[in-house]
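Asker: My questions will all concern the structure given below.
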Amino acid sequence: MTAVPAVPVAGTIPAPVLPELAAPSVWPASAVSAPAGDVTVGGVSLAELAERYGTPTYVLDEDEVRARARAWRRALPDADIVYAGKAFLCRAVVDWIEEEGLGLDVCSAGELELAALRGFPADRIVMHGNAKSPQDLRTALRLGVGRIVIDSQCEIARLATQVPGPEAQQVMVRVLPGIEAGGHKKIRTGAEGQKFGLSIAEGDAEDAVARILGQPGLELVGLHCHLGSQVTSPDPYAQAVRRMVAFLARIRDRYAITVPELDLGGGFAVAYRPGDPAPTPAAYGRRITGELLRACAEFDFPVPRLSVEPGRSVMAPAGIALYEVMSVKRCGGEVFVAVDGGMSDNPRPALYGARYTVRMVGRASAAPMRTATVVGRHCEAGDVLAESVELPEDVRPGDVLAVPASGAYHVSMASGYNMTGRPPVVAVSEGRSRLLLRRETFEDHRRRDVGL
Ligand SMILES: Cc1ncc(COP(=O)(O)O)c(C=O)c1O
């Protein structure tokens with residue numbers, strides 16, 4: 150068996166990506182090509198998984214998730230690594246994250262309840278949300294989450310009045326550092342003029358700090374920022390560190406308190422296509438640590454306890470989506486390969502123009518490659534899964550297509566559009582597969598439909 154060729158660049162072999170995640174491969178490190186055009190991941194044939202679990206199906210390489218979690222811990226050994234559960238969460242993932250010693254970032258009572266169901270230590274949980282509902286706050290306080298991240302002025306008094314006491318609830322303030330970074334306008338959250346965070350420049354962040362300090366039920370333990378997602382360089386993090394440390398120093402000077410923690414959020418990029426820039430956790434870690442020490446020395450500020458919140462970086466490269474081809478047709482000079490999933494299991498291309506690579510599995514083809522567009526089955530012309538990918542000319546109904554780098558923000562963002570049913574998630578490890586999430590059925594839809 151040989152390593153899976155990095156598609157669509159014919160003939161290239163991706164370098165091993167672990168332990169340092171050095172080469173930005175789009176496949177998990179365990180992926181190898183097998184006879185008859187197949188690929189195995191975690192020792193399990195993708196073609197067999199498609200056969201056994203049906204399609205569409207999401208495959209998750211447990212060892213890849215764990216290795217990536219460890220790579221983050223190695224990259225920042227003195228920091229708290231807090232996995233952003235919005236990337237993908239289910240009970241097994243809660244366990245893996247807990248066992249690997251990470252914290253958990255949640256942004257709803259639902260994510261929190263799921264973590265609690267598995268006994269995830271509440272003090273390692275950070276709760277986010279720009280519009281936390283009364284239920285979110287009640288659940289966070291009841292379960293005793295470690296940190297609640299304040300994202301608006303109105304949240305401060307609302308939260309403070311609910312704290313049962315006698316202990317104060319530890320909170321952070323989500324600050325807008327005013328930095329443009331991230332792969333698409335819709336996922337840039339560090340800049341002014343969008344819904345997240347409180348602006349340093351406009352004075353809202355400082356106002357929030359002052360209000361929190363006036364609430365005995367709240368203890369301000371840190372500042373938080375999240376620049377955006379798919380941030381492909383460590384430089385914006387270094388910039389954020391400087392601005393945040395400068396702001397920490399200003400708070401100390403004005404309010405005579407030393408806020409002890411700094412959370413830089415997530416956003417670390419992964420490769421969706423061969424050659425996409427994806428710095429290693431070690432590269433991000435080095436730059437962040439170096440800049441933190443420099444900025445703290447410059448502002449004469451004690452080095453704060455650091456946290457980061459990688460979601461995509463831990464989960465995306467561990468997942469592979471499997472689809473079956475339903476039809477192939479030409480239109481306007483283009484070849485459209487339509488599969489049995491689409492924007493209901495992967496809304497990313499429609500939301501922000503995400504691009505992928507696709508590989509046929511389970512049938513060897515000697516046909517030349519040609520450029521095609523892989524589209525979904527949904528009633529939207531924008532239901533495109535992968536534009537301009539290379540597939541064999543003889544691709545036909547019944548073939549199985551694999552889309553690597555599908556572990557994050559697919560199943561967690563999946564919808565019930567067209568009642569096709571959200572796909573199952575199957576974990577693979579050491580030659581075995583096991584179902585983590587079952588396929589959603591028509592019966593699930595019918596049970597929710599309670600009125601006539
Ligand atoms: C506050 C916060 N932290 C972490 C993340 C995770 O980002 P990523 O998955 O890009 O690492 C997000 C994503 O939206 C976020 O909003």
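Start counting the sequence shown at 150; every next residue gets the next number (my numbering).
All residues carry an ideal CB built from backbone N, CA and C; glycine is no exception.
Put Arg588 into one of helix, strand or coil per three-state DSSP.
Answerer: coil
Asker: According to DSSP, is Tyr501 helix, strand or coil?
Answerer: helix
Asker: Closest to Tyr207 by C-alpha separation, out of Ser582, Leu601, Asp593, Ala218, would be which residue?
Answerer: Ser582
Asker: For Arg587 and Ala563, what's the separation of their Cα atoms in angstroms?
Answerer: 14 angstroms
Asker: How many angstroms separate the CA atom of Arg422 from the CA atom of Val175?
Answerer: Computed Cα separation, rounded: 6 angstroms.
Asker: What's the gap between the Cα of Gln379 and the Cα of Val294?
Answerer: Answer to the nearest angstrom: the Cα atoms are 28 angstroms apart.
Asker: Helix, strand or coil: how does DSSP classify Tyr386 here?
Answerer: Here Tyr386 sits in helix by DSSP.
Asker: I need the straight-line Cα distance from Arg479 to Thr520, nearest angstrom please.
Answerer: 12 angstroms
Asker: Is it right to say Leu170 is buried, meaning 16 or more other beta carbons lie within 10 angstroms of its own, or is it exposed?
Answerer: Any reading at Leu170 is ruled out, since the residue's pLDDT is 32, under 50, leaving its predicted position unreliable.
Asker: Go to Val380, then tell me how far its alpha helix (DSSP H) extends in each direction, as first and last residue.
Answerer: No alpha helix (DSSP H) contains Val380, which DSSP labels as neither H nor E.
Asker: Just verifying my parser: in three-state terms, what is the DSSP assignment at Gln318?
Answerer: Note: Gln318 maps to strand in three-state DSSP.
Asker: Nearest to Val113 by CA position, among Leu347, Cys528, Gln318, is which residue?
Answerer: With the chain running from 150 to 601 in the structure shown, residue 113 is simply not present.
Asker: From the DSSP secondary-structure annotation, give me the bridge partner or partners of Asp412.
Answerer: His373, Ser456
Asker: So does the region 302 to 312 actually touch the region 353 to 370, counting three or more Cβ pairs closer than 8 angstroms?
Answerer: Verdict: yes, contact present.
Asker: Less than 8 angstroms between the CB atoms is what I'm expecting for Leu251 and Ile230, so what's the real figure, rounded?
Answerer: Indeed they touch by this definition, with Cβ atoms about 5 angstroms apart.
Asker: Can you check which of these residues, Val320, Glu529, Leu292, is closest to Ile305 by C-alpha distance?
Answerer: Looking from the CA of Ile305, the closest CA among Val320, Glu529, Leu292 belongs to Val320.
Asker: What residues in its chain sit with their C-beta under 7 angstroms from that of Val190, if we drop five residues either side in the sequence?
Answerer: Pro177, Ser179, Ala180, Val208, Asp210, Ile469, Val577
Asker: What is the DSSP secondary structure of Lys135, counted as helix, strand or coil?
Answerer: Residue 135 lies beyond the residue range present for the chain, which begins at 150 and ends at 601; the question has no answer from this structure.
Asker: In chain order, what residues of the same chain lie with their CB nearer than 6 angstroms to the CB of Gly327, ignoring the 5 residues before and after it?
Answerer: Glu341, Ala350
Asker: Exposed or buried, Ser462, counting other C-beta atoms within 10 Å across all chains shown (16 or more means buried)?
Answerer: buried
Asker: Look at the alpha carbon of Ala405 and the alpha carbon of Leu290, and state the distance between them as a whole number of angstroms.
Answerer: 28 angstroms
Asker: Using the beta-carbon of each residue, find all residues closer than 5 angstroms to any heavy atom of ligand 1 and list them in chain order.
Answerer: Ala233, Ala236, His277, His375, Ser378, Gly414, Gly415, Gly416, Glu458, Pro459, Gly460, Arg461
Asker: Can you tell me whether DSSP reads Thr522 as helix, strand or coil?
Answerer: strand
Asker: Flag this pair as touching only if the region 383 to 399 and the region 408 to 417 have three or more C-beta atom pairs under 8 angstroms; answer yes or no.
Answerer: yes
Asker: In terms of residues, what are the limits of the alpha helix (DSSP H) holding Ile246?
Answerer: Unbroken alpha helix (DSSP H) run through Ile246: 240 to 248.
Asker: Please check the pair Val419 and Pro496, which I expect to be a contact at CB under 8 angstroms, by giving their CB distance rounded to whole angstroms.
Answerer: Rounded, the Cβ-Cβ distance is 17 angstroms, inconsistent with contact.
Asker: Going straight from the alpha carbon of Pro573 to that of Leu471, what length do you get?
Answerer: 11 angstroms
Asker: With H, G and I counted as helix, E and B as strand and the rest as coil, what does DSSP make of Gly252?
Answerer: Strand, per DSSP.
Asker: If you draw a straight line from the C-alpha of Ala515 to the C-alpha of Val298, how long is it?
Answerer: Within the model, the alpha-carbon separation for Ala515 versus Val298 is close to 55 angstroms.
Asker: Is it buried or exposed, Lys334, if we count other Cβ atoms within 10 angstroms and call 16 or more buried?
Answerer: Classification for Lys334: exposed.
Asker: Taking just the CA atoms, how far does Phe485 sit from Ser476?
Answerer: 8 angstroms
Asker: Sorted by chain position, which residues of the same chain lie with C-beta nearer than 6 angstroms to Ala218's C-beta, five sequence neighbours on each side aside?
Answerer: Glu249, Leu251, Val463
Asker: Leaving aside the five residues before and after Phe396 along the sequence, list all residues of the same chain whose C-beta is less than 6 angstroms from its C-beta, in chain order.
Answerer: Ile349
Asker: Classify Trp509 as helix, strand or coil using the three-state DSSP reduction.
Answerer: Sequence inspection shows Met at residue 509; the Trp mentioned does not correspond to that position. Met509: strand per DSSP, three-state reduction.
Asker: Count the other CB atoms, across all protein chains shown, that sit within 10 Å of the CB of Arg337; report buried if there are 16 or more and exposed otherwise.
Answerer: buried
Asker: On a Cα-Cα basis, can you pick out the residue from Ala258, Ala530, Ala264, Leu266 that is closest to Arg287?
Answerer: Ala258
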